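What follows is a single structure, written as structure tokens, with notes after it.
Chains as they are written, first to last, in the working numbering: chain A, 1 to 438; chain B, 1001 to 1438.
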């Protein structure tokens, strides 16, 4: 993890970024043209059904006056006007572009479903181009009958579909060192939420006849160049873990593990091994390279906490958020996301004064276990400086910690599994920036 | 609507169509190589964490042996191996390609979310290419203060996100004439389900101060070349209708109304006017051209039922479905979709003998109002001929009708709003085809 770099200041949201980014500018109500003038426009427009449309918009745009494009049988794409809404790579965060990360543009998104084309990508040995007809998944170890499955085999098992988040264990890591990266895309964008479809891992473990007495852990291995490996405890494997092939209705995207990935709902991102090729049932943790060097937590006492699987409750305001600009005093909808690796979000509170006063936010249905929950809060900005914060509570009663509370437990020596309350500062000129409030 | 055409027989799912389509072939369990041979493979693979991996897969695929591609900051795309899973146009259904339709490939999809790139498209004057900075929405008529909004204005109102289906009123129309088109993409593919984000129409009607005493209907008009217009009753407008800009987390796709569309949950597709530019509050139905010539139901008595807004409860099995081929006897998961324009799905039953015996299917959570609900049913095919059907019941108690029941009410003279039970016939050789069972 690098030190603060001035280049972050240059990652500004370009003026041509589309409206959700710019969506904080003046609400302009245009006066209607005088009825007489508008009626003249009306008479010139063919195909109007109404004789009394005295108040037509003042001009008929060009796309209403010419035949549009033919229907598109090909795979659809966003409007060209959305071309600046993309995942973004931090060019300095990682030494290579194959072991790197691109971030979900949370500031531009609505609801809880992350569009697959904008879902963050974190790879350790690059993104493999896998032929699904050649791909195999082996399950072996403490099993009665080791088996090798084709993707078609997996598709024939009883399936389930569930909406869950995936968050990288290193999400928000730069906040630990108070780097104050400018936008929520970089502070919290190693986060996505999708409707996943696949086979419960318990179904597959039954199919190979796992050793119910001795099985304690499972090793999952990816088919990428890193042969990425992670240990999964048997309790999670038998609970809600899945071997996934579907994401948001279609097959997984290549960067999200096509054609098969592991999903362990609520676990840190890396546990959800992509391009899954192997599951081995064992009686102890596997202690693989990635589980010691990375994604372990160096605690204040110098000991390393190795198996921090679960992403604890966390929330963030996505709008207004760093890099945006409030142009008017008046109404703003504060909105953001909350999630917990332990279940459902019970409550989200919002503060506009840095945590002195808290107000309950509205939670958008459906509120699903181990999924993103969208919250909203109505705010009238009077032009004063403000410190915007959100704080969530999950169904276990766990309360998202302050920065001070987080540091008291975790210290400053490791950067993983950071879930403290995020603060966006609003200046009197409307500029929104990332600050840390104790 | 055209007569049966032999060309339908040529719309077969190509062999290179990916696995969900082909996912009904033999489940092959490959024997593992002898431990000695596999161990030799293991030793050749760098970076393995385990010394005891005696049972590695028999070969290491090429993508595990070379560095993968760099992370992709650009908007993501499906795997090239999925290139045959697209929306498809029926080349003979409509006289022009601008007033035409492409269909959602339901047979290839999982869960309830329709990927935006595969969502059906139905246009009446082609697909406009709208500059969102130039787009305007006018609300006028029986209002205190007519207003014209920019897209930015709309984005600043309090918003909601909700998962709802959209089904064209002409979906499954060819079944009325027993054309027996071969696949579920063509029988039921004018159907999608998305997480929509926008502003409740009631919020906007309050903003213009609509006349609460006189307002009975609202005219919605699109900015396309057709200036498509539809009448919406005020009850629906004030209930859950929305002016939508977000679909599955991002801005609407151009073919789904970018940058603004109307959403009237549960109403026939055409009521959800795309590229929304105008809403007019009135005291009577507007009887526009599209509301008389199209999407009206010619009943057996010769009268026309004009305002059939709500899509009644309906379901369909998406797998196994027409055009697929069962290659083995044995286990199959029957799965499909159910939905109702009046609320939640309460129950889905499945029959494998043409409706003589019915068995309850499992419904996948979350079960949401006016949204697709995924159902699943375990089936062991013994090689006998089978007639696969699904039948849903919604929370009002409405039961999806049989073909006979539907025809008794609706006759044979109109093709809209068809929601009868669909039958897929399985031949002893495993071929699955579309048949009608009374």
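Glycine is no exception: its CB is placed at the ideal position from the N, C-alpha and C atoms. Source: prediction; values computed, not measured.
Contact between residue 1376 (chain B) and residue 1423 (chain B) fails: their C-beta atoms lie close to 19 angstroms from each other, not under 8 angstroms. Beta bridge pairing from DSSP links residue 1163 (chain B) with B:1195.
Here residue 1087 (chain B) is not bridged, per DSSP, to any residue. Under the three-state reduction of DSSP, residue 269 (chain A) is assigned to helix.
Taking all protein chains shown into account, residue 1349 (chain B) has 16 or more neighbouring C-beta atoms within 10 Å of its C-beta and is therefore buried. Scanning chain B for C-beta atoms nearer than 9 angstroms to the C-beta of residue 75 (chain A) yields 1077, 1078, 1082, 1083, 1085, 1086, 1087, 1115, 1117, 1118, reported in chain order. The C-alpha of residue 215 (chain A) lies about 52 angstroms from the C-alpha of residue 80 (chain A). By the C-beta criterion, the segment 1132-1139 of chain B is judged to be in contact with the segment 1273-1282 of chain B, since at least 3 inter-stretch pairs fall below 8 angstroms. A straight-line Cα-Cα distance of about 16 angstroms links residue 1085 (chain B) and residue 1321 (chain B).
Counting other Cβ atoms within 10 Å of its Cβ, residue 250 (chain A) reaches 16 or more and is therefore classed as buried. DSSP places residue 1237 (chain B) in the uninterrupted alpha helix (DSSP H) bounded by 1234-1239. Inter-residue distance for residue 198 (chain A) and residue 332 (chain A) is about 40 angstroms (C-alpha atoms, whole angstroms).
For residue 343 (chain A), the CB contacts under 7 angstroms within the same chain, skipping 5 residues up- and downstream, are 369, 370, 394, 395, 396 in chain order. Taken in chain order, the complete beta strand (DSSP E) segments of 3 or more residues contained in the segment 1294-1377 of chain B are 1314-1319, 1330-1339, 1345-1351. Segment contact: the segment 1280-1289 of chain B against the segment 1260-1270 of chain B, fewer than three CB-CB distances shorter than 8 angstroms; contact not assigned. Look at residue 101 (chain A): its C-beta is under 8 angstroms from a C-beta on chain B. The C-beta of residue 235 (chain A) has fewer than 16 other C-beta atoms within 10 Å across all chains shown, which makes the residue exposed. Residue 324 (chain A) has a beta carbon lying at 8 angstroms or more from every beta carbon in chain B. Residue-level contact by beta carbon fails for residue 1204 (chain B) and chain A, as no gap is shorter than 8 angstroms. Taken through DSSP and simplified to helix, strand or coil, residue 176 (chain A) comes out as helix. Listed as beta-bridge partners of residue 1134 (chain B) by DSSP are no residues whatsoever. For chain B, the residues of the segment 191-217 of chain A that bring a beta carbon within less than 7 angstroms of one of its beta carbons are 195, 197, in chain order. Around the CB of residue 1228 (chain B), 16 or more other CB atoms lie within 10 Å, so the residue is classed as buried. The DSSP-derived three-state label of residue 258 (chain A) is coil. Here residue 188 (chain A) carries a helix assignment [DSSP, helix/strand/coil]. The C-beta distance from residue 104 (chain A) to residue 122 (chain A) rounds to 11 angstroms, too long to fall under 8 angstroms, and the pair is not in contact.
Taking C-beta separations shorter than 6 angstroms and ignoring five residues to either side along the sequence, the partners of residue 426 (chain A) in its chain run 386, 432, following chain order. Around the beta carbon of residue 1252 (chain B), 16 or more other beta carbons sit within 10 angstroms, so the residue counts as buried. For residue 1229 (chain B), the pairing in a beta bridge is given by DSSP as B:1221. Those residues of the segment 363-389 of chain A placed with their C-beta closer than 9 angstroms to a C-beta in chain B are 364, 365, 366, 368, 374, 376, 378, ordered along the chain. One alpha carbon belongs to residue 409 (chain A), the other to residue 98 (chain A), and they sit about 33 angstroms apart. Interface residue (Cβ-Cβ distance to chain B less than 8 angstroms): residue 406 (chain A) is not classified as such.
Around the beta-carbon of residue 1212 (chain B), fewer than 16 other beta-carbon atoms lie within 10 Å, marking it exposed. The C-beta of residue 1095 (chain B) has fewer than 16 other C-beta atoms within 10 Å across all chains shown, which makes the residue exposed. Taking a C-beta cut-off of 7 angstroms against chain A, the contacting residues of the segment 1338-1365 of chain B are 1364, listed in chain order. Counting only the Cα atoms, residue 144 (chain A) lies some 41 angstroms from residue 415 (chain A).
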